[in-house]
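Engineer: Heads up, the final residue of the sequence shown is numbered 100 in this note's numbering, and it's a clean run with no missing numbers.
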Amino acid sequence: GNKFIMDLPFIVLATQNPVEQEGTYRLPEAQLDRFLFKIDVDYPNLDEEIEIINREQNLQGNTKTDKVTAHLNQTQIAKFQDLVNQIIIESHLVKYIANI
């Protein structure tokens with residue numbers, strides 16, 4: 001495989017096709033534990049699909065991402081990540097959290 005060096009911070013998003021799709025298979029247990037969470041997105045019902053189509057038609061060539069502005073830069077995010085790493089959690093709290 002290829003190794004890519006990423007600047008910090010970075011995020012990885014992965015998708016998985018439904019098993020019903022030809023050529024797709026369930027991930028083995030050794031790979032499943034690499035993901036923090038899983039969101040199942042069902043196909044929209046009729047009313048939801050109509051709403052999606054109407055919203056797309058109303059965009060008229062513009063996307064909502066045109067209005068997105070950054071609130072933090074790369075350096076600020078890295079500083080916050082460093083701050084989080086300085087938080088000390090006592091072992092009894094770790095055990096309590098893990099048991100929730």
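No residue lacks a Cβ here, since even glycine has one placed at the ideal position from N, Cα and C. A quick note: this is a predicted structure, and the numbers were derived from the prediction, not measured.
I want to know whether the segment 21–37 touches the segment 5–12 - three or more CB-CB distances under 8 Å.
Structural biologist: Too few Cβ pairs lie closer than 8 Å, so no.
Engineer: Identify the continuous alpha helix (DSSP H) that holds Arg55 and give its terminal residues.
Structural biologist: Note, Arg55: alpha helix (DSSP H), Leu46 to Leu59.
Engineer: According to DSSP, is Glu22 part of a helix, a strand, or is it coil?
Structural biologist: In this structure, Glu22 counts as coil in the three-state DSSP scheme.
Engineer: How about Ala70 and Leu8: are their beta carbons less than 7 Å apart?
Structural biologist: Not in contact: Ala70 and Leu8 (Cβ atoms no closer than 7 Å).
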